[in-house]
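>
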Amino acid sequence: MSARSQVWCLKVWCLMGLLLGCAMPNPAVRVQELADGSLQVEGPLAGPFKGTEALAAAACELMTAQPGADATHGQRGKEYCALHYYSEQEQGYFLSFLSDIGGDGPDGRKYCLVPRKLDELGHRRVVLLGPAHSHPHNPLPSDRDMGALRPEGWSPLGTSRFFEQETGRIWDRELYI
Numbered sequence: 001m002s003a004r005s006q007v008w009c010l011k012v013w014c015l016m017g018l019l020l021g022c023a024m025p026n027p028a029v030r031v032q033e034l035a036d037g038s039l040q041v042e043g044p045l046a047g048p049f050k051g052t053e054a055l056a057a058a059a060c061e062l063m064t065a066q067p068g069a070d071a072t073h074g075q076r077g078k079e080y081c082a083l084h085y086y087s088e089q090e091q092g093y094f095l096s097f098l099s100d101i102g103g104d105g106p107d108g109r110k111y112c113l114v115p116r117k118l119d120e121l122g123h124r125r126v127v128l129l130g131p132a133h134s135h136p137h138n139p140l141p142s143d144r145d146m147g148a149l150r151p152e153g154w155s156p157l158g159t160s161r162f163f164e165q166e167t168g169r170i171w172d173r174e175l176y177i
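Residue numbering for the sequence shown follows our numbering, starting at 1 and increasing by one per position.
#1: Say whether the region 108-121 touches the region 162-172, bearing in mind that this needs 3 or more beta-carbon pairs closer than 8 Å, one atom from each stretch.
#2: So within the region 21-73, which uninterrupted beta strand (DSSP E) runs reach at least 3 residues, ignoring any that extend past its ends?
#3: Alpha carbon to alpha carbon, how far is Met24 from Phe163? Give it in angstroms, no decimals.
#4: Between Asp100 and the rest of its own chain, which residues show a CB-CB distance below 6 Å, the 5 nearest in sequence each way excluded?
#5: Who are the Cβ neighbours of Gly102 in its own chain at under 6 Å, not counting the five residues just before and after it?
#6: Would the beta-carbon of Leu62 fall within 8 Å of that of Ser96?
#7: Answer yes or no: do Asp119 and Glu42 have a C-beta to C-beta separation smaller than 8 Å?
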């Protein structure tokens with residue numbers, strides 16, 4: 001084989017390696033669309049945590065480490081969503097695996113569709129406490145994230161404060177950004 005052929009073969013192999021490497025699925029993304037159109041993520045990706053502050057810090061680190069998720073990507077970035085929840089069995093807080101289903105809205109803003117369901121195989125009983133999502137274009141919460149033009153107490157998962165019968169506790173749903 002000539003040197004020219006060897007270089008051509010090497011280029012083809014490198015290109016194939018790049019294409020295959022880019023096609024590798026993100027192991028932190030485990031979302032599926034169900035027959036009713038709702039999104040479901042698996043859990044847990046992280047946890048248990050004793051408190052919500054430790055959970056929020058870990059969620060932020062995990063989500064901003066995903067491909068395209070940090071603010072340096074600007075408008076080329078990508079948003080990721082997850083659910084955070086409490087396990088009565090484990091007496092701890094958890095973060096689900098991520099969803100990357102979303103895109104760019106008509107106004108050019110990034111969005112991620114928040115999953116509404118959790119497939120939590122390891123725990124019998126969980127309390128969904130809210131969504132989490134990254135902001136690749138701007139690390140600050142948007143007016144929309146803060147509930148602008150929405151009724152007081154709004155949450156994508158229902159009322160922001162609720163009584164849960166089995167735990168006997170009053171819980172607050174929170175959005176982690």
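No residue lacks a Cβ here, since even glycine has one placed at the ideal position from N, Cα and C.
So, from the listed chains and residues:
#1: Taking one beta carbon from each stretch, the region 108-121 and the region 162-172 have fewer than 3 pairs nearer than 8 Å; the two do not touch.
#2: Runs found: 31-33, 39-43 and 46-49.
#3: Here residue 163 corresponds to residue number 163 of the sequence shown, with the count starting at 1. Here residue 24 corresponds to residue number 24 of the sequence shown, with the count starting at 1. If I take the Cα positions, the gap works out to 42 Å.
#4: As a first step, residue 100 must be located in the sequence shown, where it is residue number 100. So the qualifying residues of the chain are Val29 and Tyr80.
#5: As a working note, residue 102 is residue 102 in the sequence shown. In the same chain as Gly102, and ignoring 5 residues on each side of it, the C-beta atoms closer than 6 Å to its own belong to Glu79, Tyr111, Cys112 and Leu113, in chain order.
#6: Along the sequence shown, one-based indexing puts residue 62 at 62. Along the sequence shown, one-based indexing puts residue 96 at 96. Not in contact: Leu62 and Ser96 (Cβ atoms no closer than 8 Å).
#7: Counted from its first residue, the sequence shown places residue 119 at position 119. Counted from its first residue, the sequence shown places residue 42 at position 42. When the beta-carbon positions are compared, Asp119 and Glu42 come within less than 8 Å of each other.
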